[in-house]
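Quick note: to get the working numbering, add 2 to the position in the sequence shown (first position is 1). Just so it is clear, CB atoms sit at the ideal spot from N, CA and C, and this is done for glycine as well.
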Amino acid sequence: MTITEPGKQRTTPRYHTIGIGAGPSNLSLAALYKNVTTEKLALFDARPGAGWHTPLLYPGVRMQTGWMKDLVSLVDPRHELTFLNYLVTSGRLYALINSQFDSLPRIEYERYLAWATERLGVVNFSSRVESISITDDGFEVTVDGEPAAVSEHLVLGLGTRPVRPAYLHGLPEERAFIADELGARMPALDHNAPTAVVGGGQTGLECILRLLGSGFTDIRWLGRNQWFRSIDDSPMANELYRPSHIEFLQGLNRSKRREMIDDSRYSGDAITPGGLRALYQSNYDGLLTLGRFPVTLLPGRDVRSSTPLPDGDIRLCCTTSTTPEEHDVRQVVVAGGREHVEAPFDDELRERIEFDDDGQLLVEPDYSVRWKGMNGHRIYTFNASRYSHGLTNAGLTQLPVRAAIVLNSMFDREIYPISDELCAVQW
Ligand SMILES: Cc1cc2nc3c(=O)[nH]c(=O)nc-3n(C[C@H](O)[C@H](O)[C@H](O)COP(=O)(O)OP(=O)(O)OC[C@H]3O[C@@H](n4cnc5c(N)ncnc54)[C@H](O)[C@@H]3O)c2cc1C
């Protein structure tokens, strides 16, 4: 990234703002940014090209959010990067309308992001930021061991990565792996052998549907909670996903806020009712052809350890609400949740950043991170403040609102008014 010509000094490109990660969070920021300033912004992403949880995409998987919640519409519906404009310009508007989807295919949302990414033209792919430091010039990011860019401000949109539980270690990796690997490893699996899917969330459910659709006949679904919970998508639950509620949360003390956020987690962190229905219907179809259910549901099982058995099977040991259990299977797919990706601050910068008692970044209402000696340079972060900004923090529902709040703060003026007053709920 650093430009070097023979006999000339190396110059590192300079931007007003660098975003690390080019997922929906930073794409939304880049989209709004481009319409309000002539300053330069660049995004860096480790991926080789546009994508959105690509290993977990396949025909049939659906969005949990409506199409109006795109990169821009909630604050700027006349922006050229609306989902509606994507449909019109790509010629698929009528085909999509007439398909009458209740929820959009996730593949369509990925295509939309790729379309927007191309139009934005600010993403540097195959660029994993290895370290972020603070210099006299501002922030400097390093890619492939070289300084790649410097900037006034930094926006972290690092997202999440799948958790790889310790009990997978020591098991044959071609038969015991995480959900992201299912597509690649599927051809080598035995369709008739007992197969466990561990993890009672949406990704676990989607793995089951994929296995069922590929002809697997003996699937055991193990989940930690006492039942496979579906998302509360009621009007009242959706009140939690609007600016007025986020504002309310920020007026609470930390422990009360945390309690409320934990209490409302199943409004977002659970399974779509449509997905559960699809599973039940496929399982019933299986009963009609096999004479037994191809999927056994095992809620309330918390897998703690595993053992490879001499005959090649894998023993999963779990706790339950009563006595511990063992389940012997041939193959294991783990959908054990996701964890935040930490920012690669160098030691000096990390020293200056403020973390809370749980080791999380201290994030202000404007998504800025508290750090010492800012000297006008700001760090913002998306998707890393569940306990200050609530559940909207992790999903797509408030992308442009969050981006607008950041831009208002970064440029120190109200570029985008955030107004949400017509609300029947008094929190
Ligand atoms: C399968 C799945 C489906 C989902 N569906 C929905 C849904 O329907 N509705 C909803 O509201 N939410 C959904 N979510 C929640 C999810 O958090 C958001 O969809 C969204 O992807 C978050 O966007 P993001 O930009 O913050 O992070 P991400 O999309 O995770 O993007 C982060 C990017 O940062 C890059 N990166 C990380 N570290 C570095 C580094 N050091 N250098 C360079 N690049 C780096 C990564 O390569 C990645 O591209 C879903 C999540 C998953 C896993």
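Proximity of the stretch 166 to 173 to the stretch 377 to 388 falls short of the contact definition, fewer than three beta-carbon pairs being nearer than 8 Å.
Each residue's CA atom was taken as its position, placing residue 44 and residue 308 some 45 Å apart. DSSP lists 16, 142 as the bridge partner or partners of residue 152.
For residue 309, the enclosing beta strand (DSSP E) covers residues 304 to 310. For residue 198, the pairing in a beta bridge is given by DSSP as 222, 334. Taking all protein chains in view, the Cβ of residue 119 is crowded by 16 or more other Cβ atoms within 10 Å, so the residue is classified as buried.
If you check the C-beta of residue 22 against ligand 1, you find a heavy atom less than 7 Å away.
Look at residue 81 here: in three-state DSSP terms it is coil, with no helix or strand label. Looking from the CA of residue 202, the closest CA among 333, 301, 415 belongs to 301. DSSP places residue 390 within a helical segment (H, G or I) once states are collapsed to three.
In summary, residue 218 is buried, with 16 or more beta-carbon neighbours lying within 10 Å of its beta-carbon over all protein chains present. When secondary structure is reduced to three states using DSSP, residue 257 falls in the helix class. Rounded to the nearest whole angstrom, the CA to CA distance from residue 373 to residue 422 is 30 Å. Contact between the stretch 122 to 142 and the stretch 21 to 36 is present: 3 or more CB-CB pairs across the two stretches fall below 8 Å.
For residue 275, the shortest C-beta to heavy atom distance toward ligand 1 is 7 Å or greater.
In terms of side-chain proximity, the C-beta atom of residue 26 is found nearer than 7 Å to a non-hydrogen atom of ligand 1.
The DSSP assignment places 297 to 300 as complete runs of the beta strand (DSSP E) inside the stretch 259 to 305, in order along the chain (cut-off: 3 residues). Beta-carbon to beta-carbon, residue 232 and residue 178 are separated by about 28 Å, too far to satisfy the 8 Å threshold. For residue 241, same chain residues with a beta-carbon under 8 Å away, outside a window of 5 residues either side, are 247, 425, 427 in chain order.
By the C-beta criterion, the stretch 256 to 268 is judged not to be in contact with the stretch 279 to 288, since fewer than 3 inter-stretch pairs fall below 8 Å. Cα atoms of residue 226 and residue 213: separation of roughly 20 Å, rounded to the nearest angstrom. The continuous alpha helix (DSSP H) containing residue 404 extends over residues 401 to 412. The bridge partners DSSP lists for residue 320 are 305, 327.
Here residue 357 has 363, 364 as same chain residues with Cβ atoms under 8 Å from its own Cβ, once five neighbours each way along the sequence are excluded.
Residue 134 is classed as buried because its beta carbon has at least 16 other beta carbons within 10 Å across all chains shown. Linking residue 149 to residue 342 through their CA atoms gives a straight-line distance of about 25 Å.
The bridge partners DSSP lists for residue 120 come to none.
The C-beta distance from residue 155 to residue 412 rounds to 6 Å, short enough to meet the 8 Å contact threshold.
Per DSSP, the continuous alpha helix (DSSP H) segment holding residue 250 begins and ends at 245 to 252. Going by DSSP, residue 210 is part of the alpha helix (DSSP H) stretching over 204 to 215. Only residues of its own chain outside the window of five on either side were considered, and among them 112 have a CB closer than 7 Å to the CB of residue 53, listed in chain order.
The Cβ atoms of residue 64 and residue 106 sit closer than 8 Å to each other. For ligand 1, no non-hydrogen atom lies closer than 7 Å to the CB of residue 199. By the Cβ criterion, the stretch 321 to 330 is not in contact with the stretch 182 to 194, since fewer than three pairs of Cβ atoms, one from each stretch, lie closer than 8 Å. Of 234, 205, 370, the smallest CA-CA separation from residue 181 is found for 205. Here DSSP, grouped into helix, strand and coil, assigns residue 177 to coil.
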